[in-house]
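For the sequence shown, the UniProt record's numbering assigns the number 1 to the initial residue and increments by one for each residue that follows. Shown next, in structure tokens, is the structure this report addresses.
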Amino acid sequence: MAKPTKAYPDSEKTTLLREKPLESDNLQRSNSALTQTLAGAANLANLLPTGTTLLFQVLCPLLSNHGHCDPTRRYMTEILLACCALSGLLASFTDSFRGSDGKIYYGFATLKGFYAFEYVSAGGAVPDPAKYRLRAVDFVHAFLSVLVFAAIALYDKNVVGCFYPAPEEETKELLDVLPVAIGLACSLLFLALPTTRHGVG
1 MAKPTKAYPD
11 SEKTTLLREK
21 PLESDNLQRS
31 NSALTQTLAG
41 AANLANLLPT
51 GTTLLFQVLC
61 PLLSNHGHCD
71 PTRRYMTEIL
81 LACCALSGLL
91 ASFTDSFRGS
101 DGKIYYGFAT
111 LKGFYAFEYV
121 SAGGAVPDPA
131 KYRLRAVDFV
141 HAFLSVLVFA
151 AIALYDKNVV
161 GCFYPAPEEE
171 TKELLDVLPV
181 AIGLACSLLF
191 LALPTTRHGV
201 G
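Set out below in structure tokens:
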């Protein structure tokens, strides 16, 4: 004799059917948030010199012990952050030009013109030095580069784990929002104040 099957009310069936899609939706939202975070970090990295970004990505996990810092590792991580920020700052004042021999030469923009690393020592004259002299927008770009690097550092789990191993809820919310706000503001300012420089990196 067959056992009677338990009948579920329509409302209960609907609840059972909805449970799994809700879990799936939550998982999709989490994956979407992670994807947006990684994409935001990648877009910010494009605003910095390649060498600076590569140096930070390679050395930060090693020096910070993947976010588990003792006082010595924290000090080394601070030095790395300072060096990378300085690198991004100085790169904003570099430029390049093509010499009479067809080669590309790099150097620093100055108030009077341009100082090339190799071309001047070879006895060549920089073409149209006034074209390469420092402008106010260069200082703006230098400041924005430092802010962009700060945003990238705040995105990095190794840096956050090193300096904020157990953040409070307010600090955690700030660390989530601040890099996005900095990145958005800097991206808009970079678009509004473009530069024609082709510097190192």
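Glycine included, C-beta positions come from ideal geometry on N, C-alpha and C.
Notebook entry, point to check: Given a threshold of 16 other Cβ atoms within 10 Å of its Cβ, counted over all protein chains shown, does L62 qualify as buried or as exposed?
Noted result: Here L62 is exposed, its C-beta having fewer than 16 other C-beta atoms within 10 Å.
Note to self: DSSP has F114 in a bridge; who is on the other side?
What the structure shows: A109
Check: So, helix, strand or coil for T53, using DSSP?
Finding: helix
Note to self: Distance check for T52 and P21, CA to CA, integer angstroms please.
What the structure shows: Low confidence applies here, because P21 scores a pLDDT of 49, under 50, leaving its location unreliable; read the following figure in that light. Roughly 44 Å separates the two Cα atoms.
Checklist line | Helix, strand or coil at D156 according to DSSP, with G and I counted as helix | finding: coil
Check: Using CA coordinates, which residue listed in A166, I182, V137 and E169 is at the minimum distance from L193?
Finding: V137
Check: Three or more C-beta pairs closer than 8 Å, one from the region 90 to 109 and one from the region 147 to 164: is that the case here?
Finding: no
Checklist line | Spatial distance of T37 from C84 (CA atoms) | finding: Since pLDDT at T37 reaches only 47, below the 50 mark, its modelled position is unreliable, and no value is offered.
Next item on the list: Report the three-state DSSP secondary structure of S187 (helix, strand or coil).
Entry: Here S187 carries a helix assignment [DSSP, helix/strand/coil].
Notebook entry, point to check: Would the beta-carbon of L48 fall within 8 Å of that of S145?
Noted result: yes
Next item on the list: Name the one or two DSSP bridge partners that I104 has.
Entry: R98
Checklist line | Buried versus exposed, by CB contacts within 10 Å (16 or more), I79 | finding: With fewer than 16 Cβ atoms within 10 Å of its Cβ, I79 is classed as exposed.
Item checked: Rounded straight-line distance, which links the Cα of L188 to that of H68 -> 35 Å
Check: Looking at R133 and G113, is the spacing between their C-beta atoms short of 8 Å?
Finding: yes
Checklist line | Endpoints, alpha helix (DSSP H) assigned at S87 | finding: Secondary structure note for S87: its alpha helix (DSSP H) is the uninterrupted segment P71 to A91.
Checklist line | Outcome for S92 when other beta-carbon atoms lying within 10 angstroms are tallied against a minimum of 16 | finding: Buried.
Check: Where does P179 land, buried or exposed, given buried means 16+ other C-beta within 10 angstroms?
Finding: buried
Notebook entry, point to check: Hey, would you say the C-beta of D101 is under 7 Å away from at least one heavy atom of the ligand PLP?
Noted result: Only the bare structure without any ligand can be found here, which leaves the ligand PLP out of the picture.
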